[in-house]
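Undergrad:
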Amino acid sequence: MSFKTDFQRVAGLGSAKSGAHHWFGERLKAVALIPLTLAFLCIVAPLVGASHADVVAAFQNPIKAIAVILFFLVTFKHLEEGLQVVIEDYIHGKAALLTLLIGTKLFCWAFGLAGVFAVAKIAFGG
């Protein structure tokens, strides 16, 4: 015998048992991207056309480097999760679905980590 109401049994649980968590995570990343994008633009826009030494000096500032790294990580994780939802909704063949999901994850991780590596290499003077 269960003491839970019908609402308590289903609250926040979709057919996969994680729909609300996934949805909330996407929204949280979207909100986090607002200040991160503004910070990224404020950091990178003045560097367009700047000399190599100016760019290196800008990214050796730890606050700027951390902001840009966070921007890359959150952006590519948000992209990965958003594309996953679209692929799961519109691709119906199992082989194509699996191939696209793996490809999307590899693409997002590769480019996200490449961005992080590039900023870290500049920040640590490599």
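According to my numbering, numbering within the sequence shown proceeds without interruption in unit steps and concludes at 126.
A virtual CB, placed ideally from N, CA and C, is assigned to each residue, including glycine.
1) Please say whether L41 and A67 have beta carbons closer to each other than 8 Å?
2) Would you kindly work out how many angstroms separate the C-alpha atoms of S51 and V31, rounded to a whole number?
3) Taking only three categories from DSSP, how would you classify F124?
4) Work out the CA separation of A53 and H78 for me, nearest whole Å.
5) Excluding five sequence neighbours on each side, which residues of the same chain lie with their C-beta closer than 6 Å to the C-beta of C108?
6) Would you mind working out which of H22, Q60, V55, L38 sits nearest F124, comparing C-alpha positions?
TA: Judging by the given coordinates:
1) no
2) Linking S51 to V31 through their CA atoms gives a straight-line distance of about 33 Å.
3) coil
4) Cα-Cα distance, rounded: 32 Å.
5) F76, L79, E80
6) Q60
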